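Data block below; observations after.
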Amino acid sequence: MIKPVPTIKLLSMSFILSISISCSDNQAPSVRDFEQKASLQIKLLATSLKKQLIASMQLGGPVAAIETCKIKAPEITNHLNSSDTLKIKRTSLRLRNPNNSADDWEQQVLTNFEQQFSSGTPIQELVYSEKITKGDQTTLRMMRAIPMQAVCLTCHGDRQTMSEGVIHSLQKDYPNDLATEFSIGDIRGAFSVSQTFSN
Numbered sequence: 003m004i005k006p007v008p009t010i011k012l013l014s015m016s017f018i019l020s021i022s023i024s025c026s027d028n029q030a031p032s033v034r035d036f037e038q039k040a041s042l043q044i045k046l047l048a049t050s051l052k053k054q055l056i057a058s059m060q061l062g063g064p065v066a067a068i069e070t071c072k073i074k075a076p077e078i079t080n081h082l083n084s085s086d087t088l089k090i091k092r093t094s095l096r097l098r099n100p101n102n103s104a105d106d107w108e109q110q111v112l113t114n115f116e117q118q119f120s121s122g123t124p125i126q127e128l129v130y131s132e133k134i135t136k137g138d139q140t141t142l143r144m145m146r147a148i149p150m151q152a153v154c155l156t157c158h159g160d161r162q163t164m165s166e167g168v169i170h171s172l173q174k175d176y177p178n179d180l181a182t183e184f185s186i187g188d189i190r191g192a193f194s195v196s197q198t199f200s201n
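Position one of the sequence shown corresponds to residue 3 (this note's numbering), numbered consecutively onward.
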């Protein structure tokens, strides 16, 4: 069974930058250095997405929030990926947006997260990283589970309590939606970060 690595304290931006500068383009950093920078990137994405979501809810309600998740979330993610050598995404075993599909490695980690969570592991401890060498490339990968929060239940909770507007928007934009019937504290999915280097 995949075991989670300890939760990592975020370092200052200046120290993180010094790590990235000290590593040449062709040399992979240590797994710990990668974990520290990946944790910072996850925090940045999570904070940005939550601010956008709350602002949309306040201005236009749940239907506006669905539109924000559809348009703004990919824009924010793409912007982070264009300005950094790390690549970050969100994925889940219960997808809403098919563009966020998990690859084989991510599916295995997500499945193990679910098994550990069912066995009593706190969701905050569900973090896993791995160094993968294949041919002339080394890829560092890390995933961190995303807990379901109250602000997300309006569009991801019990379908019986959703408004007609939310139901209509979900059916229109995501006809194959699997991302409902969550409760607070469930595993919504995970952030996935990777970085590839030539050996």
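Backbone N, C-alpha and C define an ideal beta-carbon position, used for all residues, glycine too. Given the structure is predicted, the values throughout are model-derived calculations rather than measurements.
Item, Value
"Contact between the segment 185–194 and the segment 93–102 (3+ Cβ pairs under 8 Å)", "yes"
"Strand pairing of Ala147, partner residues [DSSP]", "Ala192"
"Simplified DSSP state of Phe184, which is helix, strand or coil", "coil"
"Endpoints, alpha helix (DSSP H) assigned at Glu166", "166–175"
"Ser20 versus Ser171: straight-line alpha-carbon distance, rounded", "Unreliable positioning characterises Ser20 in this predicted model, as indicated by a pLDDT of 36, which lies under 50. A coordinate reading is not provided."
"Anticipated Cβ contact below 8 Å, Leu142 with Phe36, distance rounded", "4 Å"
"Chain-order list of residues whose beta-carbon lies under 6 Å from that of Ser185 (same chain, five-residue window excluded)", "none"
"Own chain residues within Cβ distance below 6 Å of Met59, not counting five before or after", "Ala67"
"Per DSSP, cross-strand counterpart(s) of Glu197", "Per the sequence shown, the amino acid found at residue 197 is Gln instead of Glu. DSSP, once it has assigned bridges, lists Leu142 as partnering Gln197."
"Val153, buried or exposed, once every other Cβ within 10 Å from all chains shown has been counted against 16", "exposed"
"Host beta strand (DSSP E) of Thr70 (start-end)", "Counting along the chain, Thr70 falls outside any beta strand (DSSP E), though it belongs to the alpha helix (DSSP H) covering 33–84."
"Euclidean distance between Cα positions of Ser121 and Ser131", "20 Å"
"Helix, strand or coil at Thr163 [DSSP, three-state]", "helix"
"Proximal residues to Gly187 (C-beta, below 8 Å), its chain only, five neighbours per side dropped", "Ile125, Pro149, Met150"
"Minimum C-alpha distance to Leu97 - residue among Tyr176, Thr140, Val33, Thr70", "Tyr176"
"Nearest-angstrom Cα separation, counted from Ser41 out to Asp86", "14 Å"
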